[in-house]
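Notes to accompany the following structure.
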C-alpha cells in the first residue's frame, strides 16, 4: 500500500483526502507548522512548501493550499482565504458583497508533492460557482456555507455529502492519485 505524509493542521482536509484516495493510498497526517510563501498562485505556494518540508522531514510529503477567488473583489480572499476566514468570517465576506451584482467565484485547490532531493510537482483543481446572499447550511467547513457550485442552487453547506460534492479538491487529489499510481 502506498502512503502519503499530508502536512496539515486541518482534520477536515485529511478526512476529504482519505475519502477521495480510498483504500489504495494511506494518508498519514503530519501536524506541524511551516512558513508559507505569500503568492496569489496556490500552486507556487504548495511547491515551495513541499520542497522545504521534504528536505526537513526527509520523506515524501504532500501539502494542499486552497482558496476562494471572488471575481468582483479582484479575486479576494484568494490564497489568504483561511486567514481572512479567521479574521472576518462568513459574515465579513457577505458584508463586502453587499449590493454587489457579480457574485461569480472560483474555488481552487493545489496539491503539492515532493520527495527529498527531488523537484516538487503540483496538481490544480478548480470549480466555478457564485457567492450566496446569506449563510446557508452547516455542512463542510470554511467558506462552504456561502459558496454555490456551478449547476446547483444549494451551497456546499447545505449538502449532506459535501465531501463528495466538492469537485475542486477532488480534482486535484485525483490527479495526485493518478501520479502516485504510476510511480
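Residue numbers (this note's numbering): -13 to 169. From the three backbone atoms N, C-alpha and C, an ideal C-beta is built for every residue, glycine too. If you're wondering where the values come from, they're calculated on a predicted model, not measured in any experiment.
The residue from 28, 39, 1 with its alpha-carbon nearest to that of residue 105 is 39.
Using a Cβ distance threshold of 8 Å, residue 164 and residue 142 do not count as a contacting pair. DSSP places residue 49 in the uninterrupted beta strand (DSSP E) bounded by 47 to 56. Per DSSP, reduced to three states, the secondary structure at residue 109 is strand. Burial is judged here by how many other beta carbons sit within 10 angstroms of a residue's own beta carbon; residue 129 has at least 16 and is buried.
Here the stretch 27 to 36 lies against the stretch 88 to 101, with 3 or more beta-carbon pairs under 8 Å apart. For the pair residue 103 and residue 47, the CB atoms are not nearer than the 8 Å cut-off. Burial state of residue 137 is exposed, judged by a 10 Å Cβ sphere holding fewer than 16 other Cβ atoms. Distances from the CA of residue 154 to each of -7, 87, 6 were compared; the closest alpha carbon is that of 6. When DSSP states are grouped into helix, strand and coil, residue 131 belongs to the helix group. In the DSSP annotation of this structure, the continuous segment of the beta strand (DSSP E) that includes residue 99 starts and ends at 90 to 100.
The three-state reading of DSSP puts residue 63 in strand, counting E and B together.
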